[in-house]
Amino acid sequence: MRKTVRGAGWAGCLLFAVNAGAWAATAEREPFGATSDGTAVTAVVLANDNGMHVRLLSLGATIQSLAVPDADGELADVVLGYDSAQEYLDKGGYHGATVGRYANRIGKAAFTLDGKRYPLEANNGPNHLHGGVVGFDKRHWTIESVESGSPASVVLRLESPDGDSGYPGKLTVRARYALSDDNSLRIDYTATTDKPTIVNITNHAYFNLAGADSGHGILDHVLEIPSRRYTPVDETLIPTGELRDVAGTAFDFREPRRIGDAVRDATDPQIVFGRGYDHNFVLDGEGLKLAARLHDPHSGRTLELLTSAPAVQFYSGNFLDGTNIGKHDQIYRQGDALCLEPQVYPDSPNKPAFPSARLNPGDTYTNTLLLRFSSGSSD
Ligand code: BGC
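Residue numbers (my numbering): 681 to 1059.
As structure tokens, this is what we get:
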């Protein structure tokens, strides 16, 4: 199936696109309704020759669906989400969204930069979570480009004004999603600022490799995280500042391990604080490196996640409490899905020993996530 590029100013390319059989993956815009204030939401669907496709929304630069083949070519949507735009605003949970300006928590909802204290919204107990009440996940992003080819891609842009949700500096953010024929989805986040600020942007997809509608949870998924250390937290999920060795604990995923094995292990206070896993794993090394390998024995699907970020938050979906109804009339319950969020450590702005989240004018913030899907035989 060959489709054409559709996008502002692309009409002249139409004939070329139809004839260009070499173009493998396709990118198409389609409407995705509107939010209750009347703002239209646009979806861009990227599809490759294997049938894999991903739907990205202008609302929140969100992954709304992600259909991945198994070894028999059978497609399943492997992310949770909602059927309509307004549900993303009303029901929350950051499903598939781009979270920022600071993903994860900032302790006591404040930080100090160059001697000045910046109070933020406390939207998670005493702490600040995922950029506040109206974080990047709830913003209408501008679609900058839509391109078919190898890969097919979409670039979305958000202007976050100086003082937005309490953060200093006017931030220009771009999210580029690119789907390749080798079943990999690459996400590149970049940001620039006009004043020193802090930035931590990631994607908050909830994965279930068996399929969001499969009826299987993720406790049978087998996870590998190469980290030697993680950041233990207090009871409000703020890192204590310690980098703790994973050896011999519920947090040792250096060898592939079934998530269900220790997710209920109340002998570890860290599991109790998180109601399961909700922790930041330190990634050693530079550049694009493995953050996690996730395998579902039911479907045979595997996700390899690589990132340029210094850490990955593994969240086992502990706060999915059955109160939200998602896509295709599915109730979302604890253990239905998990998040793997490459990022800077939580609360870095208040922890001088942690890698810095500071961004200066003239510099470009980057965070790259490479999601490589493959399939073997199922159990
Ligand atoms: C956090 C969880 C939080 C969830 C909200 C995750 O990134 O680690 O603690 O409840 O986001 O969706």
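C-beta: ideal position from N, C-alpha, C; glycine also.
These numbers come from a predicted model, not from an experiment.
Residue i beta carbon near ligand 1 (any heavy atom closer than 7 angstroms)
| i | result |
| --- | --- |
| Q1010 | no |
| Y957 | no |
| F999 | yes |
| E1021 | yes |
| Y643 | This structure cannot speak to residue 643, because the chain is shown only from 681 to 1059. |
| G773 | yes |
| N784 | yes |
| L985 | no |
| Q744 | no |
| Y762 | no |
| L917 | yes |
| H884 | yes |
| Q1014 | no |
| Y1068 | Summary: the structure shown does not reach residue 1068, with the chain confined to residues 681 through 1059, and so no result is reported for it. |
| Y1025 | no |
| Y995 | yes |
Spatially closest choice to residue i from the options, by CA coordinates
| i | options | result |
| --- | --- | --- |
| T868 | D862, N880, D861 | The question names Thr, yet the displayed sequence has Asp at residue 868. When only C-alpha atoms are compared, the closest one is N880. |
| S764 | A720, V835, H978 | A720 |
| G895 | S979, I878, T911 | S979 |
| V623 | E984, Y910, I823 | Nothing in the structure corresponds to residue 623, since the chain is present only between 681 and 1059. |
| R1013 | G1002, L736, G1006 | G1002 |
| P990 | A858, F933, I1005, G967 | G967 |
| R1069 | L769, A892, R908, N1040 | This structure cannot settle anything about residue 1069, because the visible part of the chain is limited to 681 through 1059. |
| G740 | D717, G713, L769 | L769 |
| P1022 | D1009, A1033, A971 | A971 |
| L737 | S830, A885, A756 | A885 |
| T822 | K796, S845, A723, D1059 | A723 |
| S1058 | G815, K1007, D900, P806 | D900 |
| L889 | T1048, R1052, P1041 | R1052 |
| A756 | Y762, E767, G731, K771 | G731 |
| E824 | E839, V814, D817, K771 | E839 |
| N807 | F791, K875, P1035 | F791 |
| T987 | L963, D925, G713 | L963 |
| S828 | E754, G1006, L851, D729 | D729 |
| F816 | D844, D948, D794 | D844 |
| F1034 | G921, K771, D717 | G921 |
Contact check, residue i vs residue j, beta carbons under 8 angstroms
| i | j | result |
| --- | --- | --- |
| Y1045 | L1018 | no |
| N960 | P919 | yes |
| R854 | R837 | yes |
| G780 | G811 | yes |
| V992 | L1020 | yes |
| V834 | Y798 | no |
| L865 | V952 | no |
| G849 | T870 | no |
| L705 | L726 | First, the residue type needs correcting, since residue 705 is Ala and not Leu in the sequence shown. Going by C-beta atoms, A705 is nearer than 8 angstroms to L726. |
| P749 | S1055 | yes |
| L859 | A892 | no |
| V759 | G773 | no |
| N1004 | R955 | no |
| N883 | I743 | yes |
| G761 | I898 | no |
| L1062 | G846 | The displayed coordinates of the chain run from 681 to 1059. Any statement about residue 1062 would go beyond what the structure contains. |
| A927 | D945 | no |
| P1041 | K875 | yes |
Legend entry - Segments of 3+ residues assigned as beta strand (DSSP E) that fall wholly inside the segment 735-794: 742-749, 755-757, 790-793
Legend entry - Inter-stretch contact (C-beta, 8 angstroms, three-pair minimum) for the segment 782-799 and the segment 1026-1035: Touching, yes.
Inset, instruction - Just list the beta strand (DSSP E) runs in the segment 891-965, keeping only unbroken ones of 3 residues or longer that don't cross its boundaries, in chain order. - result: 902-904, 909-911, 958-962
Legend entry - Validate contact between the segment 906-916 and the segment 946-964 using beta carbons, cut 8 angstroms, 3 pairs: yes
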